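Written out below as structure tokens is the structure these notes cover.
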Amino acid sequence: FLYVLFFVEVSEWTFWDEFGVRFNFIAVDYLIYTNEVVNNIIESYPLGWLLSGILLVTVLCFLLVRKTLMRTYQAFEPFKTRLKISGLLLLLPVLSFFVVESSWYQFSTNTYLNELAANGPYQFFSAFRNNELDYRHFYKLGDDRELTQIVRQEVGIDTAANPGADLYNIKRTIKPVGEEKRLNVILITVESLSAEYLTTFGGRDNITPFMDEWFKQGALFTNFFATGTRTIRGLEALTLSIPPTPGQSIVKRPDNGKLFSLGRVLQQKGYDTAFLYGGRGYFDNMNSFYSENGYRIVDQTDFTQDEITFANAWGVSDDIIFNRTLKEADSDFQNNKPFFFQIMTTSNHRPYTYPEGKIDIPSGKGRNGAVKYTDYAIQEFIKAAKTKPWFDNTVFVLVADHCAGSARKTELPVDKYHIPLFIYAPKYVAPVANDTLSSQIDVAPTILGVLNLSYESQFYGKDIFKMSKAEGRALVSNYQKLGLFKGTKLAYLSPQQRVDVVDDPFPLGSHRQLDPEAQHQLVLETMAYYQSADYIWTHRLSRYQQ
5 FLYVLFFVEV
15 SEWTFWDEFG
25 VRFNFIAVDY
35 LIYTNEVVNN
45 IIESYPLGWL
55 LSGILLVTVL
65 CFLLVRKTLM
75 RTYQAFEPFK
85 TRLKISGLLL
95 LLPVLSFFVV
105 ESSWYQFSTN
115 TYLNELAANG
125 PYQFFSAFRN
135 NELDYRHFYK
145 LGDDRELTQI
155 VRQEVGIDTA
165 ANPGADLYNI
175 KRTIKPVGEE
185 KRLNVILITV
195 ESLSAEYLTT
205 FGGRDNITPF
215 MDEWFKQGAL
225 FTNFFATGTR
235 TIRGLEALTL
245 SIPPTPGQSI
255 VKRPDNGKLF
265 SLGRVLQQKG
275 YDTAFLYGGR
285 GYFDNMNSFY
295 SENGYRIVDQ
305 TDFTQDEITF
315 ANAWGVSDDI
325 IFNRTLKEAD
335 SDFQNNKPFF
345 FQIMTTSNHR
355 PYTYPEGKID
365 IPSGKGRNGA
375 VKYTDYAIQE
385 FIKAAKTKPW
395 FDNTVFVLVA
405 DHCAGSARKT
415 ELPVDKYHIP
425 LFIYAPKYVA
435 PVANDTLSSQ
445 IDVAPTILGV
455 LNLSYESQFY
465 GKDIFKMSKA
475 EGRALVSNYQ
485 KLGLFKGTKL
495 AYLSPQQRVD
505 VVDDPFPLGS
515 HRQLDPEAQH
525 QLVLETMAYY
535 QSADYIWTHR
545 LSRYQQ
């Protein structure tokens, strides 16, 4: 028992080191994927020393209490007395289950203090029990009809010309002027590429030399934000163009097939649509999700032994997935078929290992090396792509899935959601720095806008190239808090129907708490996004209809 107790405490410490919080439903999720997680722990931590240290502390503690324990074994009490005492002791966890609320530890505006006040094992079982949240039970609700009109306006529907609509019906026809362009698209989603790593955004370590120069040759969106803090949340936004909902990402939920997706739109336009991932796609349910939503799958299991020249717990190195992408593109070009490839990289992930001799930072020495290696791999990929006959008619899109970390003293630290979005197609996209406030949910409509495609849309996002500054907004969330960042203000919804509005939410700002009643319109817009997203999901309104 002592060994298990100390083992849990050390596990919680390593979890805090990675995520900056107590156990939550990430820990529950990761128990399912023992192969990847155990291998990652072995490669990232001195596991032998840790287990030996835990054993040593356990033995020392046992020796300290041994005499006391022996005396308890020698004591004799009547069975009825023992039964009463045991019953009272067993009653305590039962009472705590029904009486104690997991939210009681949230006594401060400082997130770290709240997390330190929490009970780790209790939080773990609470997460296991509450893996998804019932939006209409836990969050502040607005009038459905009023919010329907607001969200329709937010996605660009003229509600004056089209006043009548079913609840949260955001379907509309996108019909641009001019001919459609059958351009290829390669969407590179880079693991944990925070904007702060790039010199372009103020980074000081010079670990992205290629991207910093490359970003001058296309459209760089400098005021762009992730919707969440995990890969599957980013993939959800990029693929479905839908706001985050509390609990698990849709990527991991049951019954998540036949959804309206970017891949589905392009598949119907005759494209070969594929999701390429350097790891094992069953992790986080990615293979199941993408195969059910208009994509074919290429993951680590599809590589030959000759192709896998380097791999770690999370998959093959980024250069390998990029080389495979080149082969897939060559094949489609030979068959005269346009392609859309959505790539998910893996190298910028603990244990931060990659092929030696590629960059000047040794493998396994930390995140800076992994970022610089990914930068190198992208450089080699673009260099090789330029030699291909399909290059001139291909749109390259680079975006991060999320930032490297989001734990701060604020509830939703907006700067820790700041990521790059870059679109590169020399023949079709002029170099520009676009500072319109925008979100991952805008990527799909923006790509389709570059292709000038007509389609029936159910996306929440809009083409950033056509957005005015006044339309700019970003959706940011963690696992329970749902925020809308607009101008300099952040409104966010929390369980127990809580609503908060903060002015200047960046760490260097004032974090000035505002009265939600005085920010009524912003709060309504926030509720419109998230209440509608929950309604659309629970009522299966986001299903693709041919």
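Residue numbers for the sequence shown follow our numbering, so the first one is 5 and each next one is one higher. Ideal Cβ positions, reconstructed from N, Cα and C, are used throughout, including at glycine. Note that the structure is predicted; figures quoted are calculated from it, not measured.
- Just measuring C-alpha positions, the residue of 342, 363, 371 and 365 sitting nearest residue 355 is 371.
- Following the DSSP letters along the chain, one finds residue 190 inside the beta strand (DSSP E) bounded by residues 188-194.
- For residue 517, the three-state secondary structure derived from DSSP is strand.
- Counting along the chain, residue 240 sits inside the alpha helix (DSSP H) bounded by residues 235-244.
- Only residues of its own chain outside the window of five on either side were considered, and among them 457 have a CB closer than 7 Å to the CB of residue 273, listed in chain order.
- For residue 487, the enclosing beta strand (DSSP E) covers residues 486-490.
- Contact annotation: residue 223 and residue 423 have beta-carbon atoms that are not nearer than 7 Å.
- A contact is defined here as three or more CB-CB pairs under 8 Å, and the region 207-218 fails this definition with respect to the region 323-342.
- Our two residues, residue 199 and residue 382, have alpha carbons roughly 16 Å apart in a direct line.
- Shown here for residue 172: same chain residues with a beta carbon closer than 6 Å to its own, the five before and five after excluded, namely 152, 536, 539 and 540 in chain order.
- At a Cβ-Cβ threshold of 7 Å, residue 476 and residue 446 do not count as neighbours.
- Just measuring C-alpha positions, the residue of 374, 332, 227 and 288 sitting nearest residue 322 is 374.
- Residue 149 has no beta-bridge partner at all, per DSSP.
- Measuring C-alpha to C-alpha distances from residue 348 to each of 284, 357 and 176 identifies 284 as the nearest.
- Looking at the DSSP output, residue 64 sits in no beta bridge, so it has no partner there.
- Unbroken beta strand (DSSP E) stretches of 3 residues or longer found wholly inside the region 319-365: 343-348, given in chain order.
- Around the C-beta of residue 232, 16 or more other C-beta atoms lie within 10 Å, and the residue is accordingly described as buried.
- For the 7 Å CB-CB criterion, residue 440 and residue 470 do not form a contact.
- In this structure, residue 254 and residue 242 do not form a Cβ contact; the two beta carbons are roughly 12 Å apart against a cut-off of 8 Å.
- In the three-state reduction of the DSSP assignment, residue 144 falls in the coil class, being assigned neither a helical nor a strand state.
- Residues of the same chain with a CB within less than 7 Å of the CB of residue 154, apart from the 5 flanking positions on each side, are 528, 529 and 532 in chain order.
- The beta-carbon distance between residue 297 and residue 265, rounded to whole angstroms, is 4 Å. This is short enough to meet the 8 Å contact definition.
- Residue 498 is bridged by DSSP to 502.
- Less than 7 Å divides the Cβ of residue 486 from the Cβ of residue 497.
- Between residue 124 and residue 27, the C-beta gap is smaller than 7 Å, which places the two residues in contact.
- Membership of residue 532 in any beta strand (DSSP E) is not indicated; the residue belongs instead to the alpha helix (DSSP H) covering 524-542.
- Residue range 266-272 is occupied by the alpha helix (DSSP H) that includes residue 270, with no beta strand (DSSP E) assigned at that position.
- Less than 7 Å divides the Cβ of residue 492 from the Cβ of residue 508.
- Around the beta carbon of residue 517, fewer than 16 other beta carbons sit within 10 angstroms, so the residue counts as exposed.
- Closest in alpha carbon position to residue 544, among 217, 324, 263 and 221, is 263.
- Under the DSSP assignment, residue 384 falls in the alpha helix (DSSP H) whose first and last residues are 371-389.
- When DSSP states are grouped into helix, strand and coil, residue 396 belongs to the helix group.
- For a cut-off of 8 Å, the C-beta gap from residue 451 to residue 401 is around 6 Å, short enough to register as a contact.
- Just so you know, the alpha carbons of residue 308 and residue 45 end up roughly 26 Å apart.
- The shortest C-alpha to C-alpha distance from residue 183 to any of 455, 427, 70 and 546 is the one to 455.
- According to the DSSP assignment, residue 480 belongs to the beta strand (DSSP E) that extends over 478-481.
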